[in-house]
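Undergrad:
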Amino acid sequence: MAQIITVAQQKGGAGKTSLAAHLAVAWSQRPQRVVLFDLDPQASLATWFKVRKETLGEDNKLSLIESTPWRLASEVARAAREADMIVIDSPGVIDNTAKAAIRASDLVVVPLQLSPMDVWASKNMVALLEQENAAAMLVLNRVPYRARLADDLIVELKKGRTPIARSALGNRVAFAASLMEGKGITEWSPSSVGAAEIKLLADEILRRAPQTAKRAA
Numbered sequence: 070m071a072q073i074i075t076v077a078q079q080k081g082g083a084g085k086t087s088l089a090a091h092l093a094v095a096w097s098q099r100p101q102r103v104v105l106f107d108l109d110p111q112a113s114l115a116t117w118f119k120v121r122k123e124t125l126g127e128d129n130k131l132s133l134i135e136s137t138p139w140r141l142a143s144e145v146a147r148a149a150r151e152a153d154m155i156v157i158d159s160p161g162v163i164d165n166t167a168k169a170a171i172r173a174s175d176l177v178v179v180p181l182q183l184s185p186m187d188v189w190a191s192k193n194m195v196a197l198l199e200q201e202n203a204a205a206m207l208v209l210n211r212v213p214y215r216a217r218l219a220d221d222l223i224v225e226l227k228k229g230r231t232p233i234a235r236s237a238l239g240n241r242v243a244f245a246a247s248l249m250e251g252k253g254i255t256e257w258s259p260s261s262v263g264a265a266e267i268k269l270l271a272d273e274i275l276r277r278a279p280q281t282a283k284r285a286a
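Put into C-alpha cells, the structure is as follows:
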C-alpha cells in the first residue's frame, strides 16, 4: 500500500503544484513508484507532466491521473495497490474535491510563503484540516533572506497546533527553471542547494506521515 500525500493550500501563489512536482520526482529517484493525481481545475500539474513526457520519453517514471471527487477514493485505492507513493495536487479552493483529497491522505502538506497574507490564509486551511482530523504539516516556501518580519511570522505560525517542517525551501529561480523543462530540481541540478532542500523535505514528510497500516485499519 502506498503512502498518500496531499499538497493543499487555498492561497494562490504559495507554490502548491510546484511542490507536488518536485516531491514526486525526488521520491521517484529513490526509486519508488509514484503516481500523481491532479485535482486542480487549472491542471498545471497535468501540463507539467505533458512537458515531462515529451522531454524524457521512456525515462519518465511517474504516472498521472486526472480525477474527480466522486471517483477519487476508488482511483486512489486502485493506484495504491501498486504504487509506493501517491501525491495529490488539491484544488486551490476549499470545496468537495479538496475535502475528498484530504480524507484520502496519510498526510496533508500545506506550503506557504512568509507573508502576512499567506499566514492569515493558512489559518482557514488549518481549521479545515482540524475539522477533518487530518494529519498535516506546514512547509515554508520561497523563504527570503532572514528578516525581522519573517521571524515574527514564524512566531505567529508556531502558536498553532499544526507542526512546521524543519526543512524550508528558499526563494530560488532553479525551482521554476527545472519545471519549465518537465523536470524536478533533483534531476535538473542534483548538486544544488535547492535539490538538497527538496530531498530533506521529502525525507521529513515520510518520517512524519502516519503509517499506512493505521489508515488501512
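The sequence shown runs contiguously to residue 286 in the numbering used here. Where a beta carbon is used, it is the ideal one built from N, C-alpha and C, also for glycine.
In whole angstroms, give me the CA-to-CA distance for S113 and A146.
TA: By 1-based counting over the sequence shown, the position of residue 113 is 44. By 1-based counting over the sequence shown, the position of residue 146 is 77. Roughly 23 Å separates the two Cα atoms.
Undergrad: For L198, name the three-state secondary structure that DSSP assigns.
TA: Counted from its first residue, the sequence shown places residue 198 at position 129. The answer is helix: DSSP assigns L198 an H, G or I state.
Undergrad: Check whether the region 133–150 and the region 169–183 are in contact - that is, three or more C-beta pairs closer than 8 Å.
TA: In short, these stretches touch, since the Cβ pair count reaches three.
Undergrad: Is the region 204–213 touching the region 103–112 in the sense that three or more CB pairs, one from each, lie closer than 8 Å?
TA: Result no; under three Cβ-Cβ pairs closer than 8 Å.
Undergrad: Among A71, D272, L92, G81, whose alpha-carbon lies nearest the alpha-carbon of M194?
TA: In the sequence shown, residue 194 corresponds to position 125, counting from 1. Of the listed residues, the one whose Cα sits closest to M194 is G81.
Undergrad: In angstroms, rounded to a whole number, what distance separates the CA positions of A264 and A203?
TA: Your numbering for residue 264 matches position 195 in the sequence shown. Your numbering for residue 203 matches position 134 in the sequence shown. Cα to Cα, the separation comes out at about 28 Å.
Undergrad: I need the DSSP call for A286, collapsed to helix, strand or coil.
TA: Stepping through the sequence shown from its first residue, residue 286 is reached at position 217. Confidence at A286 is low in this model, with a pLDDT of 36, below 50, so its placement is unreliable and the value that follows should be read with caution. Correct three-state label for A286: coil.
Undergrad: List the residues that DSSP assigns as beta-bridge partners of L181.
TA: Taking the sequence shown and counting its residues from 1, the one referred to as residue 181 is at position 112. DSSP lists L209 as partners of L181.
Undergrad: Could you give the DSSP three-state label for T116: helix, strand or coil?
TA: On the sequence shown, residue 116 is found 47 positions in, with the first residue counted as 1. DSSP places T116 in helix when its eight states are reduced to three.
Undergrad: By how many angstroms is the C-alpha of E250 removed from the C-alpha of T124?
TA: Taking the sequence shown and counting its residues from 1, one reaches residue 124 at position 55. Taking the sequence shown and counting its residues from 1, one reaches residue 250 at position 181. Answer to the nearest angstrom: the Cα atoms are 7 Å apart.
Undergrad: Report the residue from L181, I155, A234, I254 whose alpha carbon sits nearest the alpha carbon of M70.
TA: By one-based count along the sequence shown, residue 70 stands at place 1. Comparing Cα positions, the closest option is I155.
Undergrad: With distances taken Cα to Cα, identify the nearest neighbour of L88 among A271, L176, L275, R277.
TA: To locate residue 88, count along the sequence shown from 1; it is residue 19. Cα-wise, what sits closest to L88 is A271.
Undergrad: Which partner residues does T75 have in the DSSP bridge list?
TA: Position 6 of the sequence shown, counting from 1, holds the residue named residue 75. The partner list for T75 (beta bridge, DSSP) reads I157, V177.
Undergrad: Can you tell me whether E135 is helix, strand or coil according to DSSP?
TA: Here residue 135 corresponds to residue number 66 of the sequence shown, with the count starting at 1. Here E135 sits in strand by DSSP.
Undergrad: Which same chain residues end up closer than 8 Å to R121 when comparing Cβ atoms and leaving out the 5 residues on each side of it in sequence?
TA: Within the sequence shown, the letter at position 52 stands for residue 121. Contacts found: N129, L131, G251, K252.
Undergrad: Report yes if the C-beta distance between D109 and P160 is below 7 Å; otherwise report no.
TA: Within the sequence shown, the letter at position 40 stands for residue 109. Within the sequence shown, the letter at position 91 stands for residue 160. Yes, the pair counts as a contact, with Cβ atoms nearer than the cut-off.
Undergrad: For V262, report the span of its alpha helix (DSSP H) as first-last.
TA: Looking up residue 262 in the sequence shown gives position 193. Its alpha helix (DSSP H) spans residues 262–277.
Undergrad: Taking C-alpha atoms, which residue in V242, E273, T86 lies nearest to S261?
TA: Locating residue 261 in the sequence shown gives position 192, counting from the first residue. Checking every option, the nearest Cα to that of S261 belongs to V242.
Undergrad: Using 7 Å as the threshold, is the C-beta distance between H91 and I233 below it?
TA: The residue given as residue 91 occupies position 22 in the sequence shown. The residue given as residue 233 occupies position 164 in the sequence shown. No; because the gap between Cβ atoms is not below 7 Å, this pair is not in contact.
Undergrad: Just verifying my parser: in three-state terms, what is the DSSP assignment at I163?
TA: The residue labelled residue 163 in the question sits at position 94 within the sequence shown. I163: coil per DSSP, three-state reduction.
Undergrad: Using CA coordinates, which residue listed in T116, V178, S247 is at the minimum distance from S236?
TA: Position 167 of the sequence shown, counted from the start, is the residue given in the question as residue 236. Looking at the Cα atoms, V178 is the closest of the given residues.
Undergrad: Out of L198, L269, S97, P213, which one is the CA nearest neighbour of D164?
TA: Translated into the one-based positions of the sequence shown, residue 164 becomes position 95. Looking at the Cα atoms, L198 is the closest of the given residues.
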